[in-house]
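K.L.:
Can you keep this structure in mind? I'll have questions shortly.
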Amino acid sequence: MRQGKVFYKEFFAGIITENNDGEYLFQYDQQFINKHPKSFITFSMPVGDKVYKNKQLFPFFEGLIPEGWLLDIASENWKISPNDRMGLLLACCQNCIGAVSVQPLKSKNEE
């Protein structure tokens with residue numbers, strides 16, 4: 001299982017997870033829901049208690065991952081397969097252009 005902390009501007013917005021079955025989940029943080037109920041990260045994922053689930057990486061997060069020659073450079077430098085979308089999201093999207101960024105969340109085994 002791999003996870004990332006999702007930030008909207010400087011605010012912690014929620015957690016994105018790729019579970020061991022390859023399913024993707026996103027859930028907003030309760031404090032973010034309470035303080036920023038209208039500050040959704042994408043129209044397709046309004047702020048709320050719902051756990052969003054998908055068999056593929058959510059299109060919004062796919063759009064944060066580099067493409068073309070920049071993807072080639074990132075993939076080669078970090079030794080990440082271009083097909084490892086969660087790996088690329090966690091490696092490349094810590095300082096994105098725009099309001100959303102994703103920081104890797106280390107498991108207890110990695111600390």
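Sequential numbering of the sequence shown, starting at 1, is according to the UniProt record's numbering. Just so you know, even glycine gets a beta-carbon here, dropped at the ideal spot from N, CA and C.
I think Y24 touches N54, with their Cβ atoms under 8 Å apart; what is that distance to the nearest whole Å?
P.N.:
Residue mapping note: residue 24 aligns to position 24 of the sequence shown, counting from 1. Residue mapping note: residue 54 aligns to position 54 of the sequence shown, counting from 1. Right, the Cβ-Cβ distance comes to about 5 Å (below 8 Å), so this counts as a contact.
K.L.:
Can the beta-carbon of L88 be found closer than 8 Å to that of V102?
P.N.:
Counting from 1 along the sequence shown, the entry for residue 88 is found at position 88. Counting from 1 along the sequence shown, the entry for residue 102 is found at position 102. No. Outside cutoff.
K.L.:
Taking buried to mean at least 16 other C-beta atoms within 10 Å of its own C-beta, is A99 buried or exposed?
P.N.:
Translated into the one-based positions of the sequence shown, residue 99 becomes position 99. By the 10 Å Cβ count, A99 comes out exposed.
K.L.:
How many Å lie between K106 and G4 at the Cα?
P.N.:
As a working mapping, residue 106 is identified with position 106 in the sequence shown. As a working mapping, residue 4 is identified with position 4 in the sequence shown. Approximately 8 Å, taken between the alpha carbons.
K.L.:
Would you mind working out which of V6, E10, G22 sits nearest I16, comparing C-alpha positions?
P.N.:
Working through the sequence shown from its first residue, we reach residue 16 at position 16. Per the Cα distances, V6.
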